[in-house]
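Since the structure comes first, as structure tokens, the remarks are kept for the end.
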Amino acid sequence: MIPALASLTTPLLRCLDPERSHRVAITALRLGLAGASGADDPRLAVSAMGL
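Number 769 in the numbering used here belongs to position 29 of the sequence shown; there are no gaps in the numbering.
Shown next, in the form of structure tokens:
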């Protein structure tokens with residue numbers, strides 16, 4: 741669903757003034773309209789200095 745939505749919204753955002761496009765994108769993120777990041781993949785875990 742999200743890739744399809746991105747393919748629709750990207751051309752629209754590119755037609756807008758850069759400042760307005762940025763505000764629209766930030767508002768969409770704030771409202772949770774962007775896809776949620778999935779669970780952390782344990783294969784990507786990194787240990788540094790014992791942390």
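C-beta: ideal position from N, C-alpha, C; glycine also.
- Within the model, the alpha-carbon separation for Thr-767 versus Ala-744 is close to 19 Å.
- DSSP places Leu-756 outside both helix and strand once states are collapsed to three, so it counts as coil.
- Look at Leu-773 here: in three-state DSSP terms it is coil, with no helix or strand label.
- A direct Cα-to-Cα measurement between Arg-763 and Leu-753 gives close to 10 Å.
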